[in-house]
Amino acid sequence: MSDAGSVPVVALRVRGVLMQLLSRRSINGADSLLLEHMSVQLEVLREWLAAGSSPGLAEAVVDLCGEQLLSVKALLRRWKMPTWSRHHVGLMHALVGVLGLLLERSLSSPLLGRWLLAVALDAEDCLKLMRSYTRIVLFPAAERRPPGLAELAQEESHEMHVRLLQYWGCLVRLVGAQPRLRPAQADPSGSSARPAGASSTDSAEGFPGLHPRLNISRSLAALSGDDEVVMMLMGHPPDSAESTRSARLRSGSSRDAAPASSMTTRRSAMTLLAFLVEAPGGLALAVLDRAQRGAYGEPASGAGDIERAALDILASAFDVPGCPMVKDKRLVDFYVHYHFLNFVK
Numbered sequence: 001m002s003d004a005g006s007v008p009v010v011a012l013r014v015r016g017v018l019m020q021l022l023s024r025r026s027i028n029g030a031d032s033l034l035l036e037h038m039s040v041q042l043e044v045l046r047e048w049l050a051a052g053s054s055p056g057l058a059e060a061v062v063d064l065c066g067e068q069l070l071s072v073k074a075l076l077r078r079w080k081m082p083t084w085s086r087h088h089v090g091l092m093h094a095l096v097g098v099l100g101l102l103l104e105r106s107l108s109s110p111l112l113g114r115w116l117l118a119v120a121l122d123a124e125d126c127l128k129l130m131r132s133y134t135r136i137v138l139f140p141a142a143e144r145r146p147p148g149l150a151e152l153a154q155e156e157s158h159e160m161h162v163r164l165l166q167y168w169g170c171l172v173r174l175v176g177a178q179p180r181l182r183p184a185q186a187d188p189s190g191s192s193a194r195p196a197g198a199s200s201t202d203s204a205e206g207f208p209g210l211h212p213r214l215n216i217s218r219s220l221a222a223l224s225g226d227d228e229v230v231m232m233l234m235g236h237p238p239d240s241a242e243s244t245r246s247a248r249l250r251s252g253s254s255r256d257a258a259p260a261s262s263m264t265t266r267r268s269a270m271t272l273l274a275f276l277v278e279a280p281g282g283l284a285l286a287v288l289d290r291a292q293r294g295a296y297g298e299p300a301s302g303a304g305d306i307e308r309a310a311l312d313i314l315a316s317a318f319d320v321p322g323c324p325m326v327k328d329k330r331l332v333d334f335y336v337h338y339h340f341l342n343f344v345k
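In terms of the numbering used here, the sequence shown opens at residue 1 and continues consecutively.
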């Protein structure tokens, strides 16, 4: 089957199954069959997206399944991570795989990229969840590990480590790919001139606002991790306030159409992601140190994958235009001394 015809069908099928599973009024964290079923659906979605080459596939996945992806994320946040079973870990692994691939594909799709940045850079929601998950997976001695991680085979753990690091690398590259927008210029008539194609929500040098053509208006409500809206997405009857807000979102009201993250500049985004490249103690350096000591026990078939993924994070971060870390002499001197001068350039 062709990309154009097959992937939307798969996305539609996955959306239907996830909607049915997420609509249950009471989802028990111990329901391993339900969690596993969700994981399978997300892996199917990821594999079909990875196999396709059409530039519109990622947009189709977000357009059709964006709400369900956010609802799965909200569902995982309901349970304390140290108590996660193998099935919780599997669901998170599958979600990271889909989001990471979407981040990668969005490098050539500004519309999709803006939506994903709004999701990924939400400091109190997705960013917080991903940072906690990263610490637990990559630095087991520093956190109380979920019992589900101890049950993974070597190849499964390796794939989890690499996929997680690739997620961060893709996110940093996406930040760097965003354009620097010029401030709007006022013309003699008193109206503001904007670049061709720019929306009213564009900031002076931030990421452009979300485009109304992408059918993710209800998904925007969940970008902030709003528990009331997430409850609505998961099948609970909304009250009048929720109904009003939902109606505004579905109608494309400007009041809620652009999340705060759409105004984020590259500089402020990299400030949020500074933990990746801090020295000493940053994520990339800590991973490199553990990998070089053989702490991750990489299988022979994947030798060096973890180090390459960590180095990619560093290279991508210092390549972001306006990256504040480049102006930090102490940090730059540290990396020069650490033999990474080629990546600083």
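We put the beta carbon where it would ideally sit given N, CA and C, even for glycine.
In angstroms, rounded to a whole number, what distance separates the CA positions of L348 and L49? This structure gives no information on residue 348, because the portion of the chain shown stretches from 1 to 345.
Just list the alpha helix (DSSP H) runs in the segment 127–171, keeping only unbroken ones of 4 residues or longer that don't cross its boundaries, in chain order. 147–150
Host alpha helix (DSSP H) of Y335 (start-end): Annotation: the continuous alpha helix (DSSP H) that includes Y335 extends over K329 to H337.
In whole angstroms, give me the CA-to-CA distance for R135 and L64. 31 Å
Measuring CB atoms only, is the segment 122–131 touching the segment 104–114, in the sense that at least three cross pairs come out at less than 8 Å? Contact fails: fewer than three Cβ-Cβ distances are below 8 Å.
Report the three-state DSSP secondary structure of S106 (helix, strand or coil). helix
So, are the CB atoms of L95 and V119 less than 8 Å apart? With respect to the 8 Å criterion, L95 and V119 are not classified as neighbours on the basis of their beta carbons.
Are V98 and R46 closer than 8 Å when you measure CB to CB? Yes. Within cutoff.
Cβ-Cβ separation, G148 to W79 (assumed contact under 8 Å), whole Å: The pair is not a contact, with the Cβ atoms about 11 Å apart (cut-off 8 Å).
Given a threshold of 16 other Cβ atoms within 10 Å of its Cβ, counted over all protein chains shown, does A221 qualify as buried or as exposed? In this prediction, A221 scores a pLDDT of 41, lower than 50, which makes its location untrustworthy; the coordinate-derived value is nonetheless stated afterwards. That one is buried.
Residue burial classification, R114 (beta-carbon count within 10 angstroms, cutoff 16): buried
Assigned exposure category for A310 - 16 Cβ within 10 Å defines buried: buried
Run of the alpha helix (DSSP H) containing D122, from where it starts to where it stops: Note, D122: premise wrong, no alpha helix (DSSP H); not H, not E.
Distance check for L91 and G176, CA to CA, integer angstroms please. 29 Å
Indicate whether the contact test is met: 3 or more Cβ pairs, each with one atom in the segment 166–180 and one in the segment 309–324, closer than 8 Å. yes
Considering only their Cβ atoms, is the gap separating L75 from I27 smaller than 8 Å? yes
Thinking V61 and L102 are a contact (beta carbons under 8 Å), I'd like their distance in whole angstroms, please. In this structure, V61 and L102 form a Cβ contact; the two beta carbons are roughly 7 Å apart against a cut-off of 8 Å.
Straight-line CA distance for Q292 to I306? 10 Å
From the DSSP output, in three-state form, read off A291 for me. Three-state DSSP puts A291 in a helix.
Would a C-beta distance cut-off of 8 Å place G66 and Y167 closer than the cut-off? Result no, Cβ atoms of G66 and Y167 do not sit closer than 8 Å.
Give me, in chain order, the residues of the same chain whose beta-carbon lies closer than 8 Å to that of E59; leave out the 5 immediate sequence neighbours on both sides. S109, L111, L112 and L214
Among the candidates S132, G52, Y133 and S39, whose CA atom is the shortest distance from the CA of H87? S39
Go ahead and label R245 buried or exposed: buried means 16 or more other beta carbons lie within 10 angstroms of its beta carbon, across all protein chains shown. Any reading at R245 is ruled out, since the residue's pLDDT is 36, under 50, leaving its predicted position unreliable.
How about L276 and L283: do their beta carbons lie closer than 8 Å? Yes, they are a contact pair.
In angstroms with no decimal places, state the Cα-to-Cα distance between A123 and V162. 23 Å
Between the Cα of E155 and the Cα atoms of P321, A303, M325 and C323, which residue gives the shortest distance? A303
Using CA coordinates, which residue listed in K327, F334 and C323 is at the minimum distance from P280? F334
Report buried or exposed for H337, applying the criterion of at least 16 other Cβ atoms within 10 angstroms of its Cβ. exposed
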